[in-house]
Amino acid sequence: NVWCAAGKGTFGTQEVIDRARKTQLAKVVTHRRLILPISGAPGVAAHEVAKQTGFNVSYATLRASDLPEYLDNGMVTTPKMREITFSLYERLVLIPVEVVLALKTMAVASVVVGVVALLLGGMPAVAGAVIAYLGAALTGIVVGPLLLPWLPGRSFAVKGAAVG
113 NVWCAAGKGT
123 FGTQEVIDRA
133 RKTQLAKVVT
143 HRRLILPISG
153 APGVAAHEVA
163 KQTGFNVSYA
173 TLRASDLPEY
183 LDNGMVTTPK
193 MREITFSLYE
203 RLVLIPVEVV
213 LALKTMAVAS
223 VVVGVVALLL
233 GGMPAVAGAV
243 IAYLGAALTG
253 IVVGPLLLPW
263 LPGRSFAVKG
273 AAVG
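When the letters of the sequence shown are read in order and numbered with this note's numbering, they come out as residues 113 to 276.
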């Protein structure tokens, strides 16, 4: 999502500038306005984008589904468009993405766990150790996000520790 990308520095001023240039956006459209999600604002210096590309930045809505209403409303954001939700469904939708992102790390870690188990406990210990590791990893990836609102603490580290 854009908010996470902005926090990680992968959706920021330079990225917006680079994309506008690489796509030759100025040759494709006649207007000079980029509509960005509100959640990208922490990572994008609108004045710098305007200075380097000639495009002014408007921070629109949190969700792409609100864009038609935003445009119909004269590019004015309503309070509903600024409201952040993170419903059970919205968290559920992210689980497959998180699983795919973790697959490579989980595969490498499973091999390491398996080798250590083999060295310490022989062949019978390998399956148990790998299954235990995968169970813990999947608990963090699946159960953690689903239970997020009900887990203690504000910090994700504390919430993760509660699940793990």
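Cβ coordinates follow ideal geometry from the N, Cα and C atoms, glycine included.
query                                                                                                                                                                                     : result
Heavy atom of the ligand PLP less than 7 Å from the Cβ of Ser177, yes or no?                                                                                                              : This structure lacks the ligand PLP; in fact it carries no ligand of any kind.
Out of Arg175, Glu202, Leu206 and Tyr201, which one is the CA nearest neighbour of Glu195?                                                                                                : Arg175
By the DSSP assignment, the beta strand (DSSP E) with Leu174 in it spans what residues?                                                                                                   : Per DSSP, Leu174 belongs to no beta strand (DSSP E) and is neither H nor E.
Short check: CB of Asn168 to CB of Arg131, under 8 Å?                                                                                                                                     : no
How would you label Phe123, buried or exposed, when you count the other beta carbons within 10 angstroms and need 16 or more for buried?                                                  : buried
Is it right to say Ser151 is buried, meaning 16 or more other beta carbons lie within 10 angstroms of its own, or is it exposed?                                                          : buried
Could you check whether the stretch 207-221 touches the stretch 234-252, counting it as contact only if at least three pairs of C-beta atoms, one from each stretch, sit closer than 8 Å? : yes
In the DSSP assignment, find the beta strand (DSSP E) that holds Leu146 and state where it starts and stops.                                                                              : Arg145 to Leu148
For Gly155, report the span of its alpha helix (DSSP H) as first-last.                                                                                                                    : Element bounds for Gly155: n/a, residue is neither H nor E.
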